[in-house]
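Undergrad:
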Ligand code: ADP
Ligand code: MG
């Protein structure tokens with residue numbers, strides 16, 4: 002998509018769980034070539050919003066579209082295949098498999114769950130091309146030297162970057178990252194931020210969920226703030242930081 006065009010459009014997205022309104026008629030866009038931050042206190046509805054975009058949960062009402070095409074009703078696998086790749090708040094790695102195999106498996110899964118064993122059933126040619134793509138993405142994110150190590154040997158910061166490589170192996174147009182900086186040491190957060198800037202400079206569009214406001218401030222082009230499922234502010238990081246509703250939500254949370 003051309004820089005600056007609308008890539009993901011969320012319109013009046015709503016999700017209720019029984020009587021709880023987890024996402025309350027939220028509308029925002031992810032623009033091509035930008036890092037958009039989706040922030041808010043715990044329970045604000047950030048992960049649920051990701052689930053609505055990626056088809057892992059169904060909308061109660063509202064729509065999500067991608068490059069002008071409606072995504073509502075499509076399967077997670079289909080949506081991933083369209084070019085939307087995500088990471089999860091709680092990393093999903095297979096610790097006994099190598100870093101390379103973890104990335105290759107993700108590329109094969111394409112949004113599908115429970116097919117961890119499927120790599121064993123692949124044709125040789127297909128397996129070789131998945132492994133080659135995985136190696137390319139590991140070099141891209143700076144984990145090339147770790148490719149033959151068991152994934153369980155990596156530090157948390159490296160696991161989060163492995164997950165990004167796995168998402169990149171889907172050759173996505175947009176990356177959705179759910180709290181990639183959570184629990185990381187300061188040095189790891191800086192490395193992660195450097196990687197995300199590099200991906201943006203290569204043209205990648207990113208929707209970044211984050212709890213920690215300081216991590217997103219110097220990184221994102223646009224911020225969307227949720228509180229109790231409702232969009233309470235959006236704009237540049239500088240403007241959002243000064244917004245009284247945002248300050249109140251964070252002090253209250
Ligand atoms: P965040 O990612 O911003 O911390 P979530 O999207 O995980 O918030 O959750 C938003 C709200 O929806 C919370 O109150 C949470 O408990 C609730 N919620 C999330 N998923 C479910 C579910 N599957 N069933 C019931 N309630 C849920
Ligand atoms: Mg969450």
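In the working numbering, the protein residues as written are 2 to 254.
Ideal placement from N, C-alpha and C gives every residue a C-beta, glycine not left out.
Just so we're clear, the structure is a prediction, and the values are computed from it rather than from any experiment.
1. May I ask you to report which of helix, strand or coil DSSP gives residue 111?
2. Cα separation between residue 163 and residue 104?
3. Can you find the residues in the same chain that come closer than 6 angstroms, C-beta to C-beta, to residue 276, ignoring five residues on each side of it along the sequence?
4. With DSSP as the reference, label residue 243 as helix, strand or coil.
5. Report the residue from 2, 28, 224 and 248 whose alpha carbon sits nearest the alpha carbon of residue 10.
6. For residue 231, which beta-bridge partners are listed by DSSP?
7. Where do the ends of the beta strand (DSSP E) carrying residue 147 lie?
8. Residues in the same chain with beta-carbon distance under 8 angstroms from residue 213, minus the five sequence neighbours each way, listed in chain order, please.
9. Is residue 49 near the ligand ADP, judged by its Cβ being under 7 angstroms from some heavy atom?
10. Which residue wins for smallest C-alpha separation from residue 13, given the options 192, 37, 60 and 88?
11. Is residue 248 helix, strand or coil when you go by DSSP?
12. Going by the C-beta, is residue 43 closer than 7 angstroms to any heavy atom of the ligand ADP?
13. At a cut-off of 7 angstroms, is residue 18 close to the ligand ADP when judged by its beta-carbon and the heavy atoms of the ligand?
14. Spell out the partners DSSP gives residue 87 in its beta bridges.
15. Just how far apart, CA to CA, sit residue 204 and residue 15?
TA: In this structure, then:
1. As a position in the chain shown, residue 111 is number 110, starting the count at 1. Note that residue 111 scores 49 on pLDDT, short of 50, meaning its location in the model is unreliable; the coordinates nonetheless yield the value given after this. Note: residue 111 maps to coil in three-state DSSP.
2. For the purposes of this step, residue 163 is identified with residue 162 of the chain shown, where counting begins at 1. For the purposes of this step, residue 104 is identified with residue 103 of the chain shown, where counting begins at 1. Their backbone Cα atoms lie some 7 angstroms apart in a straight line.
3. Absent from the model: residue 276. The displayed extent of the chain is 2 to 254, so no value can be given.
4. The residue given as residue 243 occupies position 242 in the chain shown. DSSP places residue 243 in helix when its eight states are reduced to three.
5. If you number the chain shown from 1, residue 10 lands on position 9. When each option's Cα is compared against that of residue 10, the closest is 28.
6. In the chain shown, the residue the question calls residue 231 occupies position 230. According to DSSP, which records beta bridges pairwise, residue 231 is partnered with 228.
7. Stepping through the chain shown from its first residue, residue 147 is reached at position 146. Counting along the chain, residue 147 falls outside any beta strand (DSSP E), and DSSP gives it neither H nor E.
8. Within the chain shown, residue 213 is the residue found at index 212, counting from 1. 182 and 183, listed in sequence order.
9. In the chain shown, counting from the first residue as 1, residue 49 sits at position 48. Correct: residue 49 has its Cβ closer than 7 angstroms to the ligand ADP.
10. By one-based count along the chain shown, residue 13 stands at place 12. The shortest Cα separation from residue 13 among 192, 37, 60 and 88 belongs to 60.
11. Taking the first residue of the chain shown as 1, we reach residue 248 at position 247. The answer is helix: DSSP assigns residue 248 an H, G or I state.
12. Stepping through the chain shown from its first residue, residue 43 is reached at position 42. Residue 43: yes, Cβ under 7 angstroms from the ligand ADP.
13. Taking the first residue of the chain shown as 1, we reach residue 18 at position 17. Yes, since a heavy atom of the ligand ADP falls inside the 7 angstroms radius drawn around the Cβ of residue 18.
14. Walking along the chain shown from the start, residue 87 turns up at place 86. DSSP output for residue 87 lists 177 as bridge partner(s).
15. The residue labelled residue 204 in the question sits at position 203 within the chain shown. The residue labelled residue 15 in the question sits at position 14 within the chain shown. Rounded to the nearest angstrom, the two C-alpha atoms are 30 angstroms apart.
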